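Visitor:
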Amino acid sequence: MAIEIRPFSAEWRAALREFNGRLDAAGVFAGMRLPEDVQAEMLPGSQLYIAVEEGAVRAGFVLRPQQFSIRGAVHRVTHYRLPLSEGLIQKRYATLAPMMLRSAIKVEPLLYALGMGGRQQPLPRMLEAMGWSVTSVPFFFRVVHPARFLRGIRAARSSPWRAAAMDLAAWTGAGWMALKTWQAMHTQHLPEPARSKEVEEFSAWADGIWEATHRSYGMTAVRDSATLGRLYPSSHPRFNRLQAGAGWAVILDTAMHDDPYFGNLRVGTIADCLASLDDARTVIHAARVELEHRGVDLIISNQGHIAWQSALRADGFLEGPSNFLLGASPALAKLAGPISEAHINRGDGDGPVHL
Amino acid sequence: MSPEIFNEVCGIAADVFAVDSKTLHSGSSPEQVEAWDSVQHLNLVLALEGRYGIQFEPEEMEGMKNLGQIATLVSTKIA
Numbered sequence: 001m002a003i004e005i006r007p008f009s010a011e012w013r014a015a016l017r018e019f020n021g022r023l024d025a026a027g028v029f030a031g032m033r034l035p036e037d038v039q040a041e042m043l044p045g046s047q048l049y050i051a052v053e054e055g056a057v058r059a060g061f062v063l064r065p066q067q068f069s070i071r072g073a074v075h076r077v078t079h080y081r082l083p084l085s086e087g088l089i090q091k092r093y094a095t096l097a098p099m100m101l102r103s104a105i106k107v108e109p110l111l112y113a114l115g116m117g118g119r120q121q122p123l124p125r126m127l128e129a130m131g132w133s134v135t136s137v138p139f140f141f142r143v144v145h146p147a148r149f150l151r152g153i154r155a156a157r158s159s160p161w162r163a164a165a166m167d168l169a170a171w172t173g174a175g176w177m178a179l180k181t182w183q184a185m186h187t188q189h190l191p192e193p194a195r196s197k198e199v200e201e202f203s204a205w206a207d208g209i210w211e212a213t214h215r216s217y218g219m220t221a222v223r224d225s226a227t228l229g230r231l232y233p234s235s236h237p238r239f240n241r242l243q244a245g246a247g248w249a250v251i252l253d254t255a256m257h258d259d260p261y262f263g264n265l266r267v268g269t270i271a272d273c274l275a276s277l278d279d280a281r282t283v284i285h286a287a288r289v290e291l292e293h294r295g296v297d298l299i300i301s302n303q304g305h306i307a308w309q310s311a312l313r314a315d316g317f318l319e320g321p322s323n324f325l326l327g328a329s330p331a332l333a334k335l336a337g338p339i340s341e342a343h344i345n346r347g348d349g350d351g352p353v354h355l
Numbered sequence: 001m002s003p004e005i006f007n008e009v010c011g012i013a014a015d016v017f018a019v020d021s022k023t024l025h026s027g028s029s030p031e032q033v034e035a036w037d038s039v040q041h042l043n044l045v046l047a048l049e050g051r052y053g054i055q056f057e058p059e060e061m062e063g064m065k066n067l068g069q070i071a072t073l074v075s076t077k078i079a
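Taken in sequence, the protein lines are chains A and B.
Once you know that position 305 of the first sequence is 305 in the working numbering, the rest is easy, because the numbers rise by one and skip nothing.
Once you know that position 26 of the second sequence is 26 in the working numbering, the rest is easy, because the numbers rise by one and skip nothing.
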């Protein structure tokens, strides 16, 4: 039976539900389902493609185009999102994933994938085989409450011995002393911390920051007020918008529940941000102080650009292992240059959905 | 499809899947070859493209369900 890849349309809705139902029944991770209403949950222009075989949906992926500023010029760059196939549960469909990837890059040559869960996963391995540039977006963290962190950070409590050692460090205060000392020693004094304030929405002031800064980045998704208003709508209570000096940050304050990495910690995230390269430190500092004031246990951030990484280090953040990957198609990688000049963070791709 | 092409395709597939080529036949498919997953399927496609200087279109990749079909497709493209 021939399999055809085609844009999703309403007559395939029931078959799409059946596809998602088969993944449900097989116990595939619940976050991996093809969306039935792609326009409702993503930026305008997003398109779901499905692979169909005799009335059944066997696979699909979403192409989510966005405007990017690359070396000062605006280009249409597309996020290759949620490639899912029945190959996850039936090996005879294992051939569909490479077919979908080839189809996607044929439609949108300037393509990227983000996140992906680490290099051992099938998608980044396929992307690398196809000559994509796959790099990790560095991960940084700063501990606010060491005892709670040591007792609650599941990602590091990977064996009974490690967990016991971390409990002991928390109980004796040795962990508190070590983390606080290290962070204090590595936090560079900021002579004049900028004024910061929480704002309800992105408006003309954000356009000014965008216009003044985007040319200093090798590549960045457009972050003007209209785009930011769609990504971080003021109706959404999770997003806290902080205006700091000549920049801004979107911060999250999330009480985790049984999270595989963070357990039940209260995690602050510097999800997105923008400023001139010289003002990155000011924004990071303001975001960190605000999250500490809110009472989070731990602050985290993924940042691709070297200036934002330097700002995090100067503010006492430690670098940890990152499974947050950026895959850039050959055409995009050639156009964009090194990732250290690309402003990529948790605000890109799917946005901060898992934080 | 010529036997020479089929044997060559089998040899390339055996290398990619790290199996003895004698265990492969025209009906060999992902369901029968344990190592034949989505990543290895892509590696097979890329290895064939490199060997024969061809490129498979997405629509053509749809027809690559077993080694017999793959060898037939390669034969057609290099003819």
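Where is the CB? At the ideal position from N, CA and C, for every residue including glycine.
Being a predicted model, the structure only gives us computed values, none of them experimental.
Can we say the stretch 81-93 of chain A touches the stretch 22-29 of chain A, given the rule of at least three CB pairs closer than 8 Å?
Guide: The stretch 81-93 of chain A is in contact with the stretch 22-29 of chain A.
Visitor: Return the first residue and the last residue of the alpha helix (DSSP H) that residue 12/B is part of.
Guide: For this step, residue 12/B is matched to residue 12 along the second sequence. Residue 12/B -> alpha helix (DSSP H) spans 3-17.
Visitor: Answer yes or no: do residue 10/B and residue 79/B have a C-beta to C-beta separation smaller than 9 Å?
Guide: Here the question's residue 10/B lines up with position 10 in the second sequence. Here the question's residue 79/B lines up with position 79 in the second sequence. No; because the gap between Cβ atoms is not below 9 Å, this pair is not in contact.
Visitor: Residue 4/A and residue 52/A look like a contact to me (Cβ under 8 Å); what is the Cβ gap, rounded to whole Å?
Guide: Residue mapping note: residue 4/A aligns to position 4 of the first sequence, counting from 1. Residue mapping note: residue 52/A aligns to position 52 of the first sequence, counting from 1. Contact holds; Cβ gap of about 6 Å.
Visitor: Check whether the stretch 1-15 of chain B and the stretch 96-113 of chain A touch, using three or more Cβ-Cβ pairs below 8 Å as the test.
Guide: no
Visitor: Starting from the C-beta of residue 17/B, find all residues in its chain whose C-beta is less than 7 Å away, skip the five residues before and the five after it, and write them out in chain order.
Guide: Within the second sequence, the letter at position 17 stands for residue 17/B. Once the five neighbours on either side are set aside, the close Cβ partners of residue 17/B are 33, 35, 36 and 40.
Visitor: Using the beta-carbon of each residue, which ones in chain A are nearer than 8 Å to residue 41/B?
Guide: Translated into the one-based positions of the second sequence, residue 41/B becomes position 41. Residues of chain A passing the Cβ test: 94, 95, 97 and 98.
Visitor: Is there a Cβ of chain A sitting closer than 9 Å to that of residue 65/B, yes or no?
Guide: If you number the second sequence from 1, residue 65/B lands on position 65. By the rule that beta-carbons nearer than 9 Å mark a contact, residue 65/B touches chain A.
Visitor: Which partner residues of residue 302/A appear in the DSSP bridge assignment?
Guide: The residue you call residue 302/A lines up with position 302 of the first sequence. Looking at the DSSP assignment, residue 302/A forms a beta bridge with 139/A.
Visitor: If you check the beta carbons only, do residue 280/A and residue 310/A fall under 9 Å apart?
Guide: Here residue 280/A refers to the residue found at position 280 of the first sequence. Here residue 310/A refers to the residue found at position 310 of the first sequence. Yes, the Cβ-Cβ distance between residue 280/A and residue 310/A is below 9 Å.
Visitor: On a CA-only basis, which of 171/A, 227/A and 153/A is nearest residue 299/A? Give me that one, please.
Guide: Here residue 299/A corresponds to residue number 299 of the first sequence, with the count starting at 1. Answer by Cα proximity: 153/A.
Visitor: With 16 other CB atoms within 10 Å as the buried threshold, where does residue 258/A fall?
Guide: Taking the first residue of the first sequence as position 1, residue 258/A is located at position 258. By the 10 Å Cβ count, residue 258/A comes out exposed.
Visitor: Skipping 5 residues on each side, what residues in its chain have a beta carbon closer than 7 Å to that of residue 157/A?
Guide: Your numbering for residue 157/A matches position 157 in the first sequence. Excluding positions up to five away in sequence, the list reads 163 and 166.
Visitor: If contact means a Cβ-Cβ distance below 7 Å, which residues of the stretch 27-38 of chain B contact chain A?
Guide: 29, 30, 31, 36, 37 and 38
Visitor: List the DSSP bridge partners of residue 79/A.
Guide: Mapped onto the first sequence, residue 79/A falls at position 79. The partner list for residue 79/A (beta bridge, DSSP) reads 64/A and 112/A.
Visitor: The beta strand (DSSP E) that contains residue 50/A, what's its start and end?
Guide: In the first sequence, the residue the question calls residue 50/A occupies position 50. Residue 50/A -> beta strand (DSSP E) spans 47-53.
Visitor: Just to make sure I have the definition right: I need the residues of chain A whose C-beta is within less than 7 Å of the C-beta of residue 45/B. Which are they?
Guide: Here the question's residue 45/B lines up with position 45 in the second sequence. Those within 7 Å of residue 45/B in chain A are 98.
Visitor: My guess is that residue 201/A and residue 234/A are in contact by the Cβ rule of under 8 Å, so how many angstroms apart are they, rounded?
Guide: Counting from 1 along the first sequence, the entry for residue 201/A is found at position 201. Counting from 1 along the first sequence, the entry for residue 234/A is found at position 234. Between residue 234/A and residue 201/A the Cβ distance is about 4 Å, and since that is below 8 Å, they are a contact.
Visitor: Determine the DSSP secondary structure at residue 36/A, reduced to helix, strand or coil.
Guide: For the purposes of this step, residue 36/A is identified with residue 36 of the first sequence, where counting begins at 1. Of the three classes helix, strand and coil, the one that applies to residue 36/A here is coil, per DSSP.
Visitor: What does residue 87/A touch in chain B if you count any residue whose Cβ is under 7 Å from its own?
Guide: In the first sequence, counting from the first residue as 1, residue 87/A sits at position 87. Within chain B, the residues near residue 87/A are 38.
Visitor: Counting C-beta neighbours from all protein chains within 10 Å, is the total for residue 73/A 16 or more, i.e. buried, or is it exposed?
Guide: Within the first sequence, the letter at position 73 stands for residue 73/A. Classification for residue 73/A: exposed.
Visitor: For the stretch 104-125 of chain A, which residues have a CB atom closer than 7 Å to at least one CB atom of chain B, in sequence order?
Guide: 106, 122 and 125
Visitor: Would you call the stretch 312-323 of chain A and the stretch 139-152 of chain A in contact, with 3 or more CB pairs under 8 Å?
Guide: Below 8 Å, enough C-beta pairs join the stretch 312-323 of chain A and the stretch 139-152 of chain A to call them touching: three or more.
Visitor: Buried or exposed for residue 73/B, please, with buried defined as at least 16 other CB atoms from any protein chain shown within 10 angstroms of its CB.
Guide: For this step, residue 73/B is matched to residue 73 along the second sequence. Buried.
Visitor: Helix, strand or coil: how does DSSP classify residue 154/A here?
Guide: Residue numbering aside, residue 154/A sits at position 154 when the first sequence is read from its first letter. Here residue 154/A sits in coil by DSSP.
Visitor: Which value, in whole angstroms, describes the spacing of the CA atoms of residue 56/A and residue 20/A?
Guide: Within the first sequence, the letter at position 56 stands for residue 56/A. Within the first sequence, the letter at position 20 stands for residue 20/A. Distance between the alpha carbons of residue 56/A and residue 20/A: 11 Å.
Visitor: For a contact defined as C-beta to C-beta under 9 Å, what are the partners of residue 62/B on chain A?
Guide: Locating residue 62/B in the second sequence gives position 62, counting from the first residue. Under the 9 Å cutoff, chain A gives 2, 3, 4, 5, 51, 95, 96 and 99.
Visitor: Within the 9 Å Cβ cut-off, does residue 56/B reach chain A?
Guide: Mapped onto the second sequence, residue 56/B falls at position 56. True, the Cβ-Cβ gap to chain A drops below 9 Å.
Visitor: Given 8 Å as the limit, is there contact between the stretch 321-334 of chain A and the stretch 130-137 of chain A, that is, 3 or more CB pairs closer than that?
Guide: Between the stretch 321-334 of chain A and the stretch 130-137 of chain A, the count of Cβ pairs shorter than 8 Å is three or higher; the stretches touch.
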